Amino acid sequence: MKKPNVYVTRMLPQPAVDLLREHCEVEINPEDRVLTHAELLEKVRGRDAVLCLLTDTIDEAVLAAAGPQCKIFSNYAVGFNNIDVEAATRHKIMVSNTPDVLTDATADLAWSLLFATARRVVESDKFLRDGCYKGWGPMLLLGLDITGKTLGVIGTGRIGANFAAKAKGFKMKVLYNDLEPNPAFEAETGGVFVDKATLLKEADFVSLHVPLLPSTRHLIGPAEFKLMKKTAVLINTSRGPVVDEKALAEALQLGEIWGAGLDVFENEPAVEPELLKCENAVLLPHVASATVETRTNMGLIAVRNILAAMKGETPPTLVNRELLA
Ligand code: DGY
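Residue 17 is where the sequence shown starts when you use my numbering, and the numbers rise one by one after that.
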């Protein structure tokens, strides 16, 4: 029997590629770069399945170019804001993502950012390497305490809950905000539901864990920075456009907030130039899920979703479940 024909938009960890090759004819973008839209349109044509990344814009045109035989676009990410899911559903193309396996890694990186920002880890390392360290000093590179402080978590999905649960070790009070109170989150984290303004006013650390939706774009902007404590730290490992990056740079420069730890940016890979000038910001290149184990597991899930679709089964982490109706 003819094997399904699958296109993979960028090289993935080998175990995932090996599993896919066992069952499918596979072509992988040989170059370590994001494909252009024109290249995507050409490469997806006639495929039975496409394994794509959060850096690929999968719009109506790409879905149409894939053709009616295409069963699935399997996204190698938990977030799927890069895919026009409604258009995929119209084209009867399944969309899947890679939840769960990256929850710990992403929450851990949010903690890394919190620590790095509050304790000025990156700045201190640079200070030493630049030859500035002339000996211990009582006022040298003072940061902020973390233990016992108030943590504000916006978004109580898997990653937000995992991140908040880890605060127990630091004896922190957890405040949270979401569309509505989340009893499971409260049971797991001891968190207290408050409105967004209260959270911003009271939290020492504010961490964002919402998906990117029209309603969450610029969820944190000039008005929100004005509500936050001058000693507050903002952490974002969700999606860049959730924060108004220009307003953040201004808030950091004016001392409206103390610092920010970011793994995501509004126009990746570009970063707001004013933000690059802020020493009180720790800026990472979207690496929250970047561990060997997590990226391998993401690859295996993405492949299993494709293999299920090829067998006429429901992909384990199907996004547009309305297709099943
Ligand atoms: C995701 O999966 O959505 C992350 O941003 C990258 O792993």
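Quick reminder that beta carbons are idealized off the backbone N, C-alpha and C, glycines included. Just so you know, these numbers come straight off a predicted model, no measurement behind them.
Status (buried if at least 16 other CB within 10 Å, exposed otherwise) for residue i
i, result
"Leu158", "exposed"
"Leu149", "First, the amino acid is wrong: residue 149 is Tyr here, not Leu. Tyr149 should be labelled exposed."
"Glu261", "buried"
"Met155", "exposed"
"Leu167", "buried"
"Val308", "exposed"
"Ala54", "exposed"
"Asp48", "exposed"
"Asp161", "exposed"
"Lys59", "buried"
"Pro20", "buried"
"Gly147", "exposed"
"Ser231", "exposed"
"Met17", "exposed"
"Trp152", "exposed"
Residue i: CB within 6 Å of a non-hydrogen atom of the ligand DGY
i, result
"Ala93", "yes"
"Ser90", "no"
"Ser305", "yes"
Per-residue DSSP class, three states only, for residue i
i, result
"Ala65", "strand"
"Met110", "strand"
"Glu196", "coil"
"Lys150", "coil"
"Glu41", "strand"
"Leu316", "helix"
"Leu158", "coil"
"Leu235", "coil"
"Phe209", "strand"
"Val137", "helix"
"Gly347", "Outside the displayed span of the chain (17 to 341) sits residue 347, for which this structure offers no information."
"Leu250", "strand"
"Thr119", "helix"
"Ser305", "coil"
"Lys217", "helix"
"Phe201", "helix"
"Thr166", "strand"
"Leu57", "helix"
"Lys187", "coil"
"Asn321", "helix"
"Phe96", "coil"
"Val335", "coil"
"Val226", "coil"
"Val22", "strand"
"Val50", "coil"
Near the ligand NAP: residue i beta-carbon under 6 Å from a heavy atom
i, result
"Ala181", "Ligands in the displayed structure: the ligand DGY; the ligand NAP is not one of them."
CB contact below 7 Å: residue i versus chain C
i, result
"Val259", "Of the protein chains in the structure, only one exists, and it is not chain C."
Length at least 4, wholly inside the region 274-301: the alpha helix (DSSP H) runs in chain order: Counting only runs that start and end inside the region 274-301, the alpha helix (DSSP H) elements of at least 4 residues fall at 289-292.
The region 179-189 contacting the region 132-142, beta-carbon criterion three pairs below 8 Å: Touching, no.
The region 312-330 contacting the region 82-94, beta-carbon criterion three pairs below 8 Å: Three or more pairs of CB atoms, one per stretch, sit closer than 8 Å, so the region 312-330 contacts the region 82-94.
At least three beta-carbon pairs within less than 8 Å, the region 68-86 to the region 29-41: Contact between the region 68-86 and the region 29-41 is absent: fewer than three C-beta pairs spanning the two stretches fall below 8 Å.
Segment contact, 8 Å Cβ cut-off, at least three pairs: the region 293-305 with the region 263-278: Between the region 293-305 and the region 263-278, the count of C-beta pairs closer than 8 Å reaches three or more; the two stretches touch.
Stretch-stretch touch, CB-based, cutoff 8 Å, three pairs: the region 239-258 with the region 113-128: With a cut-off of 8 Å on Cβ pairs, the region 239-258 is in contact with the region 113-128, counting three or more such pairs.
Given 8 Å, three or more beta-carbon pairs between the region 109-116 and the region 230-244: The region 109-116 and the region 230-244 do not touch, with fewer than 3 CB-CB distances between them shorter than 8 Å.
Touch test, the region 223-230 against the region 101-110, Cβ-Cβ under 8 Å, three pairs minimum: Because the criterion of three Cβ pairs below 8 Å is not met, the region 223-230 and the region 101-110 do not touch.
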